[in-house]
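To start, the structure itself, in structure tokens.
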Amino acid sequence: MKRALTGPAEPGRPGAAAPLRALIYNRVSHDAAGKGYSVAEQERENRAECADRGWEITAVLTDNHVGASRFSRGDRPEWRRVTEIIAAGGCDVLVLWESSRCTRDLREYAELADLCDQHNVLLSYSGRIYDMGDPDDRHRAGSDALDSERETARTRKRVTRSVRRRKAEGLPHGKIPYGYRREYDPVTREYLRQVPHEETAPIVREIARRLLAGEALHAVAEDLTRRGIPTPRGAASWQPTQVRRVGLSDTAAGLITLDTGTRVTAQWEPLISEADHDLLVARLTDPARRTWRDGSTKHLLAGLAVCGVCGAPVRRVKNRGSPSYACSRGHCVSRSQAWVDDLTERIIIERLSRTDAAEAFAADDPAAVDAATEARALRARLQTFYDNLDLSAAGLVAAERKLLPQIQAAEDRARRAHRSPLVGSLAAPDPAVVEQRWVRLTMPQRREVIRTLDLVVRIHRTRRGVRKLDPASVEIG
Ligand SMILES: [Zn+2]
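Counting the sequence shown from 1 gives a position; my numbering is that position plus 752.
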């Protein structure tokens, strides 16, 4: 007969009111099969397991010593205490991260199994409970001790399950996110809360603010590097992709997206508002963004304006010594940079000084919010396919083929409908005021305005016999 596995919930168990007493044992791994779970991570997961099962933790013992190739009993003083506590009847269940955590060697495993059986102690690891007095369980636990590969797979499943539970509760999971630190009870070492980190939280806020203002990823990365601010991984040099990752973080917005696509509010303080987060995601996932990096930020229309003949973006060149925009693909067109810039700026100022402009551009379109929500739900749905290890490669491709176009369409709508705070702050009923504000913007901000206005600048071929700077040869709309 199998014994009851949970304490308080199990009716008919002798002393049902009292939860099972759990003894947690953590140990760093010597071998590659350990997959690098630190003792702190093991402890956190083991504590979560006890909380899930309603067990009361009586002791947490940790052997943090990493020996050379093999370990002897002498390497693990706490393990000896574990066996002593079991022998003294001091616990009902022994909680381990995985079976190799207690013993790699089968002789020791047999001793542990006997000890647990003798003292009616259950063994819990990898999300499962084994009763050494039960022949089936004993057989299973024994084969686990032999079959490390299958055990690793179980551990992975168990981690996924635990992560899902924590996410649904708005609790942090996994690594501590950049911008935060975690507080633990000094005595019990129980997790208490996740709070903004005094040094890194301001960096997260700064990155969000600067990206929203239209600064390029690489410009922000260079500046952070120059100021000697360490990267999230502690390196000296920031890469644009790292800045992007910080900007896209839903953790920093105090949000958790579940696998079902539902978004839950996390139990920690956000560093970025939800609205700003949505805006950043729409911007940073815009495929057009890739075309305007590096040198392109020095010139208003490089990579933004397009060739009227072949549709390729223009690049900034010197045409017989004079700064020009030219087709980046062939020799289709070339036009004076200053002239095209001036023409474009005049149109922007005219648009933003229309009487209804301030209102039109300040409004946050509800359709944008809906589209962003839809895109997020679709992405989360796609993620469940990636997470499903039983799904065949063909099945995954089919899911991608169906979902990716829908995701792209929703994100496009979100991006188009979103109004930049930058454009809103620029608009005024007086063209002179708009111009004053415009000249104060940085070049990345100006380019951001063009993108937000969805302004397409098309440089056409000039007609034969017409003077070179014919306004009809540039189409702006
Ligand atoms: Zn061209």
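Don't be surprised by glycine CBs; every beta carbon is placed ideally from N, CA and C.
Exercise. Ordered along the chain, which non-local residues of its own chain (more than five positions away) have a Cβ less than 8 angstroms from that of alanine 1005?
Worked result: Pro1022, Leu1023, Ile1024, Ser1025, Glu1026, Asp1028 and His1029
Problem set entry | the stretch 1149 to 1169 touching the stretch 1181 to 1188, judged by at least three CB pairs closer than 8 angstroms | no
Exercise. Exposed or buried, leucine 1053, counting other C-beta atoms within 10 Å across all chains shown (16 or more means buried)?
Worked result: buried
For this session: Report yes if the C-beta of alanine 920 is less than 7 angstroms from at least one heavy atom of ligand 1; otherwise report no.
Result: no
For this session: Grab me the residues of leucine 976's own chain with a C-beta within less than 6 angstroms of its C-beta, minus the 5 sequence neighbours each way, in chain order.
Result: Trp990
Exercise. Who are the near neighbours of isoleucine 928 in its chain, counting only those whose CB is closer than 6 angstroms to its CB and skipping five residues on each side?
Worked result: Arg934
Problem set entry | Reference asparagine 1071; option with closest CA among Gly1060, Cys1062, Val1061 and His1083 | His1083
For this session: Return yes when the C-beta of glycine 1082 is under 7 angstroms from any heavy atom of ligand 1, and no when it is not.
Result: yes
Exercise. How far does the alpha helix (DSSP H) with isoleucine 1024 in it reach, from first residue to last?
Worked result: Element bounds for isoleucine 1024: n/a, residue is neither H nor E.
Exercise. So is the beta-carbon of valine 1061 under 7 angstroms away from any non-hydrogen atom of ligand 1?
Worked result: yes
Problem set entry | Alpha-carbon spacing of histidine 1212 relative to glycine 922, whole angstroms | 54 angstroms
Exercise. What does a CB cutoff of less than 6 angstroms around leucine 1148 pick up in its chain, not counting 5 residues either side in sequence?
Worked result: Phe1137
Exercise. Measuring CA to CA, which of Val1175, Leu1130, Ser878 and Asp1164 is closest to arginine 1153?
Worked result: Leu1130
Exercise. Should serine 1074 be labelled buried (16 or more other beta-carbon atoms within 10 Å of its own) or exposed?
Worked result: exposed
Exercise. Hey, out of Asp896, Leu1032 and Val956, whose CA is closest to tyrosine 861's CA?
Worked result: Asp896
Exercise. Do you know how far the Cα of arginine 1128 is from the Cα of alanine 1151?
Worked result: 16 angstroms
For this session: Can you give me the start and stop residues for the alpha helix (DSSP H) that aspartate 1093 sits inside?
Result: 1089 to 1104
Problem set entry | Any 3 or more C-beta pairs closer than 8 angstroms across the stretch 934 to 946 and the stretch 957 to 965 | no
Problem set entry | Local conformation of tyrosine 861 per DSSP, three classes | helix
Problem set entry | Integer-rounded CB distance, given that serine 1080 should sit under 8 angstroms from valine 722 | Any answer about residue 722 is impossible in this case: the structure gives the chain only from 753 up to 1229.
For this session: Could you have a look at cysteine 868 and say whether DSSP puts it in helix, strand or coil?
Result: helix
Exercise. Helix, strand or coil for leucine 1156 per DSSP?
Worked result: helix
Exercise. Apart from the five residues just before and just after threonine 1003, which ones in its own chain have a Cβ nearer than 6 angstroms to its Cβ?
Worked result: Pro929
Exercise. Taking the alpha carbon of alanine 1123 as the point to measure from, which residue in Ala987, Ala1161, Arg1106 and Arg985 has its own alpha carbon closest?
Worked result: Ala1161
Problem set entry | heavy atom of ligand 1 below 7 angstroms from valine 915 C-beta | no
Exercise. Who are glutamate 1230's beta bridge partners in DSSP?
Worked result: Absent from the structure is residue 1230, since the part of the chain shown begins at 753 and ends at 1229.
Exercise. If you measure from the CB of alanine 1054, is any heavy atom of ligand 1 nearer than 7 angstroms?
Worked result: no
For this session: Rounded to whole angstroms, what's the CA-CA distance from arginine 918 to aspartate 883? Just pull it up for me.
Result: 27 angstroms
Exercise. In terms of alpha-carbon separation, which member of Leu874, Leu1134, Ala965 and Asp1108 lies closest to proline 1181?
Worked result: Asp1108
Exercise. Quick one, are the C-beta atoms of leucine 813 and leucine 846 less than 8 angstroms apart?
Worked result: no
Exercise. Taking C-beta to C-beta, are proline 992 and leucine 1007 nearer than 8 angstroms?
Worked result: no
For this session: Take the Cβ of glutamine 1019 as the centre, count every other Cβ of all protein chains shown within 10 Å, and call the residue buried at 16 or more, exposed below.
Result: exposed
Exercise. Going by other Cβ atoms of all chains shown within 10 Å of its Cβ, with 16 needed for buried, is valine 834 buried or exposed?
Worked result: buried
Exercise. Would a C-beta distance cut-off of 8 angstroms place glycine 1060 and glutamate 1163 closer than the cut-off?
Worked result: no
Problem set entry | Proximity winner among Glu974, Thr1125, Leu1032 and Thr810, relative to valine 1016 (alpha-carbon distances) | Thr1125
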